[in-house]
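Trainee:
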Amino acid sequence: MTDLSMLSADRPDTVELAAGWRSAYVHIPFCARVCPYCDFAVVGGAEDRMTEYVDAVVAEISMEPEWHRLDAVFIGGGTPSRVPSDQMRRVLDALAARFGLADDAEITLEANPEDWTSTHSDALAGVGFNRVSFGVQSFDPVVLVSLGRLHSPVQAAESVAIARASGFASVSVDLIYGHPVETELSWLHTLDTAVEVEPDHVSTYSLTVEPGTELWKQVRSGAPAPDSDIQADRWEQAASTLGVAGYTRYEVSNHARPGHGCRYNLSVWGQGEYLAFGLGAHSFRDGVRSRRVRRLDSYIERVRSGIGPIQASDVIEGWDAELERLMLGLRRAAGVNAGEAGQALLATADGARLIEAGVLAVVDDRLVAANPLLTDEIIRAVLALDGPQR
Ligand SMILES: C[S@@+](CC[C@H](N)C(=O)[O-])C[C@H]1O[C@@H](n2cnc3c(N)ncnc32)[C@H](O)[C@@H]1O
Ligand code: SF4
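The letter at position 27 of the sequence shown is residue 554 when you use our numbering, and the numbering goes up by one with no holes.
(1) Please state the DSSP three-state secondary structure of D754.
(2) Go ahead and pull the three-state DSSP assignment for G878.
(3) At the level of alpha carbons, what is the spacing between A861 and D847?
(4) Any idea what DSSP makes of D566, helix, strand or coil?
(5) Identify the continuous alpha helix (DSSP H) that holds Y921 and give its terminal residues.
(6) Just curious, the beta strand (DSSP E) that Y777 is in, first and last residue?
(7) Out of C565, D620, V795, A599, point me to the one whose CA is closest to V584's CA.
(8) Can you tell me the Cα-Cα spacing of V830 and A897, whole angstroms?
(9) Grab the span of the alpha helix (DSSP H) containing L622 for me, first residue to last.
(10) Indicate whether the contact test is met: 3 or more Cβ pairs, each with one atom in the stretch 658-667 and one in the stretch 612-631, closer than 8 Å.
(11) Decide if the stretch 754-762 is in contact with the stretch 730-742; the criterion is three or more beta carbon pairs, one per stretch, under 8 Å apart.
(12) Hey, would you say L651 sits closer than 9 Å to L622, going by beta carbons?
(13) Using a threshold of 8 Å, is the CB atom of C789 nearer than that to any non-hydrogen atom of ligand 2?
(14) Using 10 angstroms around the beta-carbon of A874, count the other beta-carbons present and answer buried if the total reaches 16, otherwise exposed.
(15) What does a CB cutoff of less than 7 Å around G773 pick up in its chain, not counting 5 residues either side in sequence?
(16) For P680, count neighbouring Cβ atoms within 10 angstroms of its own Cβ and tell me buried if that reaches 16, exposed if not.
(17) Contact defined as beta carbons within less than 8 Å: I believe L715 pairs with L769. What is the distance between those atoms, to the nearest angstrom?
(18) Would you mind working out which of E778, G675, G788, L712 sits nearest P726, comparing C-alpha positions?
(19) Compute the beta-carbon to beta-carbon distance between L850 and L912, rounded to the nearest angstrom, for a pair I have assumed lies under 8 Å.
(20) List the endpoints of the continuous beta strand (DSSP E) containing S817.
(21) Apart from the five residues just before and just after E737, which ones in its own chain have a Cβ nearer than 8 Å to its Cβ?
(22) Less than 8 Å between the CB of V736 and some heavy atom of ligand 1, yes or no?
(23) Cα separation between F557 and G605?
(24) Taking 8 Å as the cut-off, is the CB of G605 close to at least one heavy atom of ligand 2?
(25) Kindly indicate the opening and closing residues of the alpha helix (DSSP H) around L793.
(26) Name, in chain order, the residues that DSSP records as bridge partners for D841.
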């Protein structure tokens with residue numbers, strides 16, 4: 528794989544390169560307890576089931592037809608840092624044995640700060656992880672408690688330092704903004720502290736009330752919901768503070784120091800192919816997007832019985848693939864080659880209006896969301912496009 532260390536993830540040449548990378552996602556569903564806002568495929572507790580789950584993931588990997596060497600592996604969750612390092616080694620060994628790993632493959636693990644001790648960090652680096660993404664969410668203790676998190680701001684800062692000491696080549700932190708208890712001062716403090724702990728990468732997500740979650744039930748019962756205008760201000764503050772501190776925003780919610788854009792995500796946004804293993808995981812291979820069952824018992828049973836865990840698959844081809852290419856690419860700061868769908872958008876009244884309003888821009892034949900906060904408005908116009916008349 529091309530050396531990315533000098534390339535910036537907001538550049539067209541970088542993102543076009545990323546479309547050709549091959550990656551794999553592995554989902555680890557275990558969490559100490561389920562956070563009130565979380566809609567991912569997770570199970571609270573259930574430590575006693577980790578080994579049988581990893582057995583099933585390893586079996587699913589061995590069932591996958593041969594493929595290319597992997598440029599990036601992302602082990603996400605759930606909380607992969609709760610799983611013992613020898614079990615994580617089994618997963619990485621299975622991927623390496625089945626597909627091979629590029630010499631400089633990016634190998635990421637998502638982690639919760641409360642799990643991160645020096646011993647565990649060293650062990651995971653020893654197993655082969657070279658990138659870690661911490662779910663920090665906030666450096667304000669009041670916000671952390673309101674989000675139902677189990678770590679303190681000090682633990683979050685320490686986990687970044689510990690990962691550095693273990694030799695992780697890239698360290699990322701996730702932040703969430705817009706909880707109703709968060710004040711502007713608290714968010715600015717979170718951003719400043721994030722900069723002080725010097726991660727290589729920062730993801731900033733606006734708190735979303737996902738249907739069915741505990742937070743959703745609270746809001747339905749009258750608790751205050753996140754305010755979208757305030758969230759827009761928080762987004763601006765993040766982009767500005769992180770920009771001044773040397774982080775380039777390369778996607779709506781993602782900021783990186785040069786050479787530290789997440790290769791796995793860049794590949795997905797470039798419509799690159801990726802395998803996926805584990806509960807609820809989505810893959811994209813040979814133009815087919817498949818999603819796996821979300822219940823732990825049925826996942827394990829289906830893998831054991833040889834049926835396989837895929838619940839549904841969609842063929843993404845022709846015009847649908849073209850629309851998807853545009854929608855994924857528009858989230859990147861580098862934008863996307865206009866291509867057939869981009870030209871079709873520019874020819875519509877919606878397209879002209881978006882250009883006129885400064886929401887969409889054309890830069891060297893590429894479409895770029897000039898106001899990233901309004902990317903969804905462009906995406907709605909893309910979805911309304913008629914297919915080509917052939
Ligand atoms: C699925 S979590 C897994 C990582 C880890 N377990 C954690 O929670 O820190 C990945 C990230 O998604 C983000 N996230 C999850 N649910 C969210 C929501 N409802 N709104 C905004 N961000 C969310 C959080 O920032 C979190 O770090
Ligand atoms: S936000 Fe993270 S820790 Fe909380 S339930 Fe979801 S995956 Fe688990």
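Note that CB positions come from ideal geometry on N, CA and C, so glycine has one too.
Mentor: Quick answer:
(1) Against the sequence shown, residue 754 aligns to sequence position 227. D754: coil per DSSP, three-state reduction.
(2) For the purposes of this step, residue 878 is taken as residue 351 along the sequence shown, with counting starting at 1. The answer is helix: DSSP assigns G878 an H, G or I state.
(3) If you number the sequence shown from 1, residue 861 lands on position 334. If you number the sequence shown from 1, residue 847 lands on position 320. Here the alpha carbons of D847 and A861 stand approximately 22 Å from one another.
(4) Counting from one through the sequence shown, the residue named residue 566 turns up at place 39. Shown here, D566 sits in coil according to DSSP, grouped into three states, outside any helix or strand.
(5) Residue coverage of the chain in this structure runs from 528 to 917, which leaves residue 921 outside it and unanswerable.
(6) Along the sequence shown, read from residue 1 onward, the residue named residue 777 stands at position 250. Its beta strand (DSSP E) spans residues 775-778.
(7) Residue 584 sits at position 57 when you count from the first residue of the sequence shown. Nearest neighbour of V584 by Cα position, chosen from C565, D620, V795, A599, turns out to be D620.
(8) Your numbering for residue 830 matches position 303 in the sequence shown. Your numbering for residue 897 matches position 370 in the sequence shown. Straight across, the Cα-Cα distance linking V830 with A897 is about 45 Å.
(9) Taking the sequence shown and counting its residues from 1, one reaches residue 622 at position 95. Segment 612-626, the alpha helix (DSSP H) holding L622.
(10) No, they do not touch.
(11) Taking a contact to require three or more Cβ pairs closer than 8 Å, the stretch 754-762 and the stretch 730-742 qualify as touching.
(12) The residue given as residue 651 occupies position 124 in the sequence shown. The residue given as residue 622 occupies position 95 in the sequence shown. Contact: no.
(13) To locate residue 789, count along the sequence shown from 1; it is residue 262. For ligand 2, not one heavy atom lies less than 8 Å from the Cβ of C789.
(14) Position 347 of the sequence shown holds residue 874. Flag for A874 reads exposed.
(15) Indexing the sequence shown from 1 puts residue 773 at position 246. R784, listed in sequence order.
(16) The residue labelled residue 680 in the question sits at position 153 within the sequence shown. Buried is the call here.
(17) Working through the sequence shown from its first residue, we reach residue 715 at position 188. Working through the sequence shown from its first residue, we reach residue 769 at position 242. At roughly 12 Å, the Cβ-Cβ gap does not stay under 8 Å, so L715 and L769 are not in contact.
(18) In the sequence shown, the residue the question calls residue 726 occupies position 199. Of the candidates E778, G675, G788, L712, the one whose C-alpha sits nearest the C-alpha of P726 is G788.
(19) One-based indexing of the sequence shown puts residue 850 at position 323. One-based indexing of the sequence shown puts residue 912 at position 385. That belief holds up - the Cβ atoms of L850 and L912 are roughly 7 Å apart, short of 8 Å.
(20) On the sequence shown, position 290 is the one that residue 817 refers to. Start and end: 815-819.
(21) If you number the sequence shown from 1, residue 737 lands on position 210. Correct list, in chain order: Y564, C565, D566, W743.
(22) Against the sequence shown, residue 736 aligns to sequence position 209. Under cutoff, so the answer is yes.
(23) Indexing the sequence shown from 1 puts residue 557 at position 30. Indexing the sequence shown from 1 puts residue 605 at position 78. The straight-line gap from Cα to Cα measures roughly 5 Å.
(24) For this step, residue 605 is matched to residue 78 along the sequence shown. True, at least one ligand heavy atom lies under 8 Å from that Cβ.
(25) Looking up residue 793 in the sequence shown gives position 266. Residues 790-796.
(26) Here the question's residue 841 lines up with position 314 in the sequence shown. D841 pairs with R816.
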